[in-house]
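Q: Here our numbering is used: the first residue of the sequence shown is 7, the next is one more, and so on.
What follows is a structure written as structure tokens; I'll ask about it next.
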Amino acid sequence: MAKAILYDATKCTACRGCQAACKQWNDLEADETKNTGSYENPPDLSPRTWLKMKFNEVENDNGLAWLFTRRACMHCTEAGCVKVCPTKAVYHHDLGFVAYNKEICSGCGYCVDACPFNVPRLDGSRLTGKAKMDKCLFCIDRVTNGLEPACVKTCPPGALAFGEREEMVDAADLRISKLGEQGIEAQLYGRKDLDGLHVMYVLANPAADHALPAKPEVSPSVTLWQDILQPVGYAAIGVVGAGLLLNYMVARARMVKEKEGK
């Protein structure tokens, strides 16, 4: 059965316990931080920061609202990163999330370009041929052994939940209903987006206020490359190969004929 993480932005206190737990469990080095006038640090995701809490200030009827957004791999069912990966280093696990085998990553960076959430990060330059991608692995070593992801386990206010995807959808709908009774209109982000995300959000503000795409889509260029240009390229290689083989056979036959004529 497919697993999923449910993040409830209405419960989150931005304590960043999830951020610290991700670093600790995955043995990730700290990124350099600096004071930018916000508690948000480090400034962005990186090969060493797979999960970070993003702070957004938005205006509403009550003035300003401070929104907290979980930034990490969304583990899409229709995942552009999986589709474009030439070495199949990025793939779908049987439990539904997007897994990654760093050992066979070519560092091409196609996954970076294909992600509508701007999540994967390259360590090194693609020009060197030695770059490697990094992102959230859904705590595959924990989940496949019956444990919760580290971020979920450590969340003090219970803003993160983990379980079967259908159960997480039901839990989100129940939460949205309760918020509605309080006069708060909320939505479940990721219910059907990209054929269903395996990290879903309960949001009481529009997705744009959380710096999320309202309708995340895989870039058409990804489909163009994988479905049209790449097959055409393979076909062209096949035609060239066949032409070279035919040329060799004709040349070989001519040589044999010349030898027999002597």
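Ideal placement from N, C-alpha and C gives every residue a C-beta, glycine not left out.
Would you mind stating whether H204 and R171 have Cβ atoms separated by less than 9 Å?
A: yes
Q: If I measure Cβ to Cβ from A20 and keep anything under 6 Å in the same chain, skipping five residues before and after, which residues do I get?
A: M59, F74
Q: Do you know offhand how far D179's Cα is from D140's?
A: In a straight line, the C-alpha of D179 is about 32 Å away from that of D140.
Q: Can you give me the Cβ contacts of E35 inside the same chain, cut-off strictly under 7 Å, excluding the 5 residues immediately before and after it?
A: R54
Q: Measure the C-alpha to C-alpha separation of V96 and R148 and round it to an integer number of angstroms.
A: 19 Å
Q: Along the chain, where does the alpha helix (DSSP H) containing Q25 start, and where does it finish?
A: 23-31
Q: Hey, how far is the Cα of A105 from the Cα of G43?
A: 35 Å
Q: Please list, in chain order, all residues of the same chain as R76 whose beta carbon is under 6 Å from its beta carbon, the five residues on each side excluded.
A: Y13
Q: Is the CB-CB distance between K138 and G113 below 9 Å?
A: yes
Q: Given that a residue counts as buried once 16 or more other Cβ atoms are within 10 Å of its Cβ, and exposed if not, what is A15?
A: buried
Q: From D199 to M206, what does the alpha carbon distance come to, in whole angstroms?
A: 10 Å
Q: Excluding the 5 residues preceding and the 5 following L70 in the sequence, name in chain order all residues of the same chain whose CB lies nearer than 8 Å to its CB.
A: E63, V64
Q: With DSSP run on the structure shown, which of helix, strand or coil describes Y195?
A: When secondary structure is reduced to three states using DSSP, Y195 falls in the strand class.
Q: Rounded to whole angstroms, what is the Cα-Cα separation between G23 and P163?
A: 10 Å
Q: Looking only at its chain, what residues have a beta carbon closer than 7 Å to the beta carbon of D100, apart from the 5 residues adjacent to it on each side?
A: No residues qualify anywhere along the chain.
Q: Where T134 and N107 are concerned, what is the direct C-alpha to C-alpha distance, given to the nearest angstrom?
A: 20 Å
Q: Extract the residue ranges of the alpha helix (DSSP H) inside the region 51-90, only unbroken runs of 4 or more that lie entirely within it.
A: Listed in chain order, they are 86-90.
Q: Are V118 and C79 closer than 9 Å when you measure CB to CB?
A: Not in contact: V118 and C79 (Cβ atoms no closer than 9 Å).
Q: Take V88 as the anchor and find which of F168, A120, D176, E173 has the nearest alpha-carbon.
A: A120
Q: Kindly identify the DSSP beta-bridge partner or partners of I11.
A: F168, V205
Q: Short check: CB of S300 to CB of G86, under 9 Å?
A: For residue 300 there is no data in the structure shown, the boundaries of the chain being 7 and 268.
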